[in-house]
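Before any comments, here is the structure.
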Amino acid sequence: MDTFWFILIVSLLCILPLLKSLFSSIAGEGKKKLPPGPLTVPLIGNLIWLRKSLSELEFILRELKTKYGPFITIRIGPRVKIIFIGSHSLAYRALVQNGAVFSDRPRAAPTSKIMTSNQHTISSAAYGAIWRILRRNLTYEILHPSRVKSYSMSRRWVLGVLIQRLVMAQSSESFVSVIRAGPVIFRA
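Read left to right, the sequence shown gives residues -21 to -1, 1 to 167 (mature numbering (1 follows the signal peptide of the UniProt record, and there is no 0)).
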């Protein structure tokens, strides 16, 4: 009997977060004012990706623009929402004239805050004072031409090590498989 209760409690603990995220995403849809888009299926997203290939992406977007207008929301999977702007003038107004309004990233999940040092890295920080400081440090201290030149000897040395490893792998097998080159390149 104890095993039954243990399995029941563990199952509920596993299912409850899934149900909570499902219901919060469904309930949260009404709050957000997003542009119109094609019909979506919960947990899957838009079905347009299943019936056509990605090579026809431009044709798909043109069809959607004629049906829904210049702003289109496309959902890919349960959480990813992409907004396409189908007009040059509207894209210019949104991204250049009002760029600061749209320049921030979406709010991160609690787990990703742990993985990205509480979003204090250049690739995860929100647009603002911290991001500007990180960007300035990156451009002036690491990517500045004089700094890049000072690292040239190290880059040449690493490139030589890479070429040696590829030559050794090639001589032992008579060819280098691109798929298996990763362990050769990144081996310590």
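Every residue gets a Cβ at the ideal spot worked out from N, C-alpha and C, and that includes glycine.
Boundaries of the alpha helix (DSSP H) around arginine 111: 108 to 116. Counting only the Cα atoms, asparagine 97 lies some 29 angstroms from isoleucine 53. Around the beta carbon of alanine 104, 16 or more other beta carbons sit within 10 angstroms, so the residue counts as buried.
Per DSSP, lysine 60 is one residue of the beta strand (DSSP E) stretching across 59 to 64. For glycine 16, the number of other beta carbons within 10 angstroms of its own is at least 16, and it is reported as buried.
The C-beta distance from phenylalanine 38 to isoleucine 51 rounds to 14 angstroms, too long to fall under 8 angstroms, and the pair is not in contact. At a Cβ-Cβ threshold of 9 angstroms, tryptophan 110 and isoleucine 101 count as neighbours. Less than 9 angstroms separates the beta-carbon of glycine 48 from that of proline 14.
With respect to the C-alpha of proline 85, the residue from Ser125, Leu(-14), Gln76 and Ile61 having the closest C-alpha is Ile61. Here leucine 43 is buried: its Cβ has 16 or more other Cβ atoms, across all protein chains shown, within 10 Å.
In the structure shown, threonine 52 falls within a strand segment according to DSSP collapsed to helix, strand and coil. Nearest C-alpha to leucine 18 among Pro(-5), Leu36 and Lys46: Lys46. In the three-state DSSP reduction, threonine 45 falls in the helix class (H, G or I). If you draw a straight line from the Cα of alanine 79 to the Cα of alanine 73, it is about 9 angstroms long. Non-local C-beta neighbours of aspartate 83 in its own chain, meaning closer than 6 angstroms and more than five positions away in sequence, comprise Ala105 and Tyr106, ordered along the chain.
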